[in-house]
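For the sequence shown, full-length UniProt numbering assigns the number 1 to the initial residue and increments by one for each residue that follows. Glycine included, each C-beta is placed from N, C-alpha and C at the ideal position.
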Amino acid sequence: MTATAGTRPAQAVGVWGTGGLGAHAVQLLRMVGAAPIIAIDPLPAARDRALEFGADLALDPDDPALAKRVFAESGGLAVAFDFAGVPAVREQAVGCLAPQGKLVLVGLTDQPLTITGGTRFSYLQQQVLGHYGSLAVHVEELVALVRRRRLDFSRSVSGVLPLASAADAVDRLAQKKGNPIRLILRP
């Protein structure tokens, strides 16, 4: 994700969707020195989690002054990460980009990608980048960071359930029961 965007220290970034992957993204972005890190999520618990994980500011996407607040805090985002995979999120994120800013699509969807204001998008030389998973080298880097205690994913484990409870785990995640981030199934 940070490699796809080429994120550098002191770049303003936005993370739309701070569930499991988005929460990890906040940690990684902080590690590479992105600043400020602005988290956007409709759930108050997810916004609180993002702040705990290192975001500088957490906003509700339904705030009518969201773009204004993002620009006041950052001057415009160098990179906006969409972890939600929702067309409305992508539109909102593009509206928060600085000139030459990048929208990185992490959340998957088969819905069409549209950009309102395409002339402005082109004039500002903004970009849309796709991201899908990680290369083996990225997994090795994450393992090394965890081993050296530079990165802690344990805070993302919100429960351990027996494998027989898989259906319950899926339901808890889908319904966001108990503010789950990641549930681990144990055989």
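Taking C-alpha atoms, which residue in Thr7, Val13 and Arg30 lies nearest to residue 188? With the chain covering only 1 through 187, there is no way to say anything about residue 188.
So, with DSSP's three-state summary, where would you put Lys68? Of the three classes helix, strand and coil, the one that applies to Lys68 here is helix, per DSSP.
Compare the C-beta of Ala174 against all C-beta atoms of chain B and say whether one is closer than 9 angstroms. Absent here is chain B; the protein component of the structure consists of one chain.
Per DSSP, Ile40 forms a beta bridge with which residues? Trp16 and Leu59
Smallest Cα separation from Gly33: which of Glu52, Gly6 and Leu21? Nearest C-alpha to Gly33: Gly6.
List the whole-angstrom C-beta distance separating Pro61 from Pro42, where the pair is believed to meet the contact cut-off of C-beta under 8 angstroms. In this structure, Pro61 and Pro42 form a Cβ contact; the two beta carbons are roughly 6 angstroms apart against a cut-off of 8 angstroms.
When we look at the beta-carbon of Pro180 and count the other beta-carbons within 10 Å, is it buried (16 or more) or exposed? Buried: at least 16 other Cβ atoms inside 10 Å.
Quick check: the Cα distance between Thr4 and Arg186, rounded to an integer number of angstroms? 33 angstroms
Looking at the secondary structure, which residues open and close the beta strand (DSSP E) in which Ala78 lies? Leu77 to Asp82
By Cβ distance below 7 angstroms, which residues in the same chain neighbour Leu108 in space, the five residues on each side in sequence not counted? Gly85
Might you give, ordered along the chain, the residues of its own chain that have their beta carbon closer than 6 angstroms to the beta carbon of Arg8, omitting 5 neighbours on each side? none
Tell me the DSSP secondary structure of Val128 in three-state form. In the structure shown, Val128 adopts extended strand secondary structure according to DSSP, grouped into three states.
Gln126 versus Val143, Pro162, Gly95 and Leu145, residue with shortest Cα-Cα distance: Put simply, of Val143, Pro162, Gly95 and Leu145 the residue whose alpha carbon is nearest the alpha carbon of Gln126 is Gly95.
Bridge partner(s) assigned by DSSP for Arg147: DSSP output for Arg147 lists no bridge partner at all.
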